[in-house]
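In the working numbering, the protein residues as written are 63 to 142.
Ideal Cβ placement from N, Cα and C applies to all residues, glycine included.
Keep in mind that this is a model prediction, so the values were computed, not measured.
First comes the structure, then the notes that go with it.
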Amino acid sequence: MHPHLHTKDNRGCEEVMTALEECHAQGFLWKSMGMCSDLKTQVNKCLRAERLERTAKNREQAREKREKMKAIFQEIDANS
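Here it is as structure tokens:
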């Protein structure tokens, strides 16, 4: 696996990524015959799920921050 995939954000996929690495370690022919394709699909699905979870969390944090800023500006406008 690429080193950038082994980050704190992808801890939930570490098991399946390790299994894919082990499959790839069995050699070029093993990989080229498609023996690792199912694991690769699982890794892709897992990474996608992790990414979607992070984006939902970031979106919620951004919404909360916008609401807080809106309240601050409303207070400033009310006091002006």
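query, result
"For G89, three-class secondary structure by DSSP", "coil"
"Segment contact flag, the stretch 71 to 79 with the stretch 97 to 111, C-beta cutoff 8 Å, min 3 pairs", "yes"
"Contact set for Q104: own chain, Cβ-Cβ below 7 Å, skip 5 residues either direction", "V78"
"Cβ neighbours of R7 in the same chain (closer than 7 Å, five flanking residues each side left out)", "The first residue shown for the chain is 63 and the last is 142, placing residue 7 beyond what the model contains."
"Cβ neighbour criterion (16 or more within 10 Å) applied to L114", "exposed"
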